[in-house]
Amino acid sequence: MTESGNARLLEEASAYTPGGVHTSIRIIDPPLCVRRAEGAYIEDVDGRRYIDYHAAFGPFILGHCYPDVVERVVAAIRQTDLYGVSTTELELALAKKVVEHVPSVEQVLLCCTGSEATFHAVRLARAVTGEVLDNTLVCDFNDLHAVERAVRDHPDDVAAIILEPIPHNLGCIMPRPAFLAGLRALCDREGIVLIFDEVITGFRHHIGGYQAICGVTPDLTTMGKAMANGFPMAAVGSRRELMQRFNTRPGGDVYFAGTFNAHASCVAASLATIDVLETGKVHEHIFRLGERMRAGLRDIVDRAGIPATVAGFGSVYVLYFMEDRPISNYTDLLRNNAPLFVRYRQELMKRGVFEMPMNLKRNHISYSHTDADVDQTLQAAEESLQAALAGCRAQR
Ligand SMILES: Cc1ncc(COP(=O)(O)O)c(C=O)c1O
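Numbering of the sequence shown is given in our numbering, commencing with residue 1162 and proceeding in unit increments.
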């Protein structure tokens, strides 16, 4: 990789913006500044092309600049944008779609980011349970006993339990069979609101979210990312009785507002994305390619004879460099060889494959990726692994 236009652009941007980037985790080594994107590919300012699995941390379920989405957005913003009053036919159409598909959702509110959706959900949960614990109790994923203990130790204090049903923020940790159902039963027993943060899993794993796969229905659901294939759209939803607490309805006592909520461009993007997902072809394709990628990676690490774990679900995959034992929680992931993990991905970049070179970050396959992309990636993976192993050995 040359010391390139990428480095120069980032350096100039640093004069105007702290660090040169507008989100804390966009700095990588080597720097990569993308100028254009199409389908499964991104191209940097020097014209180098990469197969992209970072997918901007996950929104791209169809692929970059996906024509159906772009066309619907352009058509929408030629005649409409944002009014800050009442509602629109587009917004109603999207709300109907979310209610139709996501099992826990009878009513929905749209906002711009997963962060907003999540804090609205927490605020609603606190209002519903009337409990005001200001602190957060952190329990290990998959440890139902620890959660039960925490609830027992704070009687009448716990407003909500919030979790990703599959913690993808750490790559991929699958829930043990009884874990999510156990949380549901605990919340029912203790009057606690169960919130699934489906910002990553929603729409990506199933049009109805992971809850449609696991069969456990939370009280509140937050969604974002893949919901609009790259446009800033997110949502919080629940059953009618709880959603009625938001002050979008006269008399509601839980604040909900946002100047840019439900901008027509994003609503149109979301409707177009959902239309494509409804064909059923997207999930069939991305799940199949996910399996192909994971199987290929398993073969590669077996041939290399190194400790490695290939994790993932559906379109998400991640190759950890640690012994292949079941992963239950974050502590288990501390065994990952982070320097090798990052170095391997830096080597992938040299070979035209972009997986975020940052510890524990997951990869996403989109509808635009092909079998040939996966095969090319696997070839790059084999070479990158050998190069990364040699590089790490030389450093020792
Ligand atoms: C599980 C989860 N929830 C919420 C968020 C916040 O979403 P946003 O970045 O759109 O604010 C993220 C972002 O990565 C996420 O991974």
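Ideal Cβ positions, reconstructed from N, Cα and C, are used throughout, including at glycine.
- As summarised for the region 1425-1506, the continuous beta strand (DSSP E) elements at least 3 residues long and confined to that stretch are 1470-1474 and 1477-1481, given in chain order.
- Here DSSP, grouped into helix, strand and coil, assigns ALA1533 to helix.
- In the DSSP assignment, SER1399 falls within the unbroken beta strand (DSSP E) covering 1395-1399.
- Rounded to whole angstroms, ALA1425 and ALA1541 show a C-alpha spacing of 41 angstroms.
- Spanning the alpha carbons of ALA1168 and THR1178 requires a straight line of approximately 15 angstroms.
- Within the same chain, GLY1181 come within 6 angstroms of SER1175 by CB-CB distance, once the 5 residues on both sides are set aside.
- Judged by DSSP secondary structure, GLN1268 falls within the beta strand (DSSP E) whose first and last residues are 1268-1272.
- The beta carbons of PHE1515 and GLY1475 sit no closer together than 8 angstroms.
- For PRO1192, the CB contacts under 7 angstroms within the same chain, skipping 5 residues up- and downstream, are ASN1167, ALA1168 and LEU1171 in chain order.
- By the neighbour-count criterion, in which 16 or more other beta carbons inside 10 Å mark a residue as buried, TYR1528 falls on the buried side.
- Non-local C-beta neighbours of PRO1264 in its own chain, meaning closer than 7 angstroms and more than five positions away in sequence, comprise GLY1369, GLN1372, ALA1373 and THR1378, ordered along the chain.
- Judged by DSSP secondary structure, LEU1324 falls within the beta strand (DSSP E) whose first and last residues are 1321-1324.
- Rounded to whole angstroms, LEU1550 and SER1399 show a C-alpha spacing of 48 angstroms.
- For LEU1285, the enclosing alpha helix (DSSP H) covers residues 1275-1290.
- Relative to the non-hydrogen atoms of ligand 1, the Cβ of PHE1218 comes within a distance shorter than 7 angstroms of at least one.
- Taking each of ARG1464, ASP1460 and GLU1484 in turn and checking the Cα distance to THR1470, the smallest one comes out for GLU1484.
- The count of Cβ pairs closer than 8 angstroms, one atom from the region 1225-1235 and one from the region 1400-1407, stays below three, leaving the stretches out of contact.
- Around the beta carbon of LYS1386, a 10 Å sphere encloses 16 or more other beta carbons of the protein chains shown; the residue is thus reported as buried.
- The continuous beta strand (DSSP E) containing ASP1213 extends over residues 1210-1213.
- For GLU1516, no beta strand (DSSP E) encloses it, and the DSSP letter there is neither H nor E.
- Under the three-state reduction of DSSP, MET1384 is assigned to strand.
- Within the same chain, Cβ atoms closer than 7 angstroms to the Cβ of ALA1254 are found at LEU1432, the five residues on either side in sequence being excluded.
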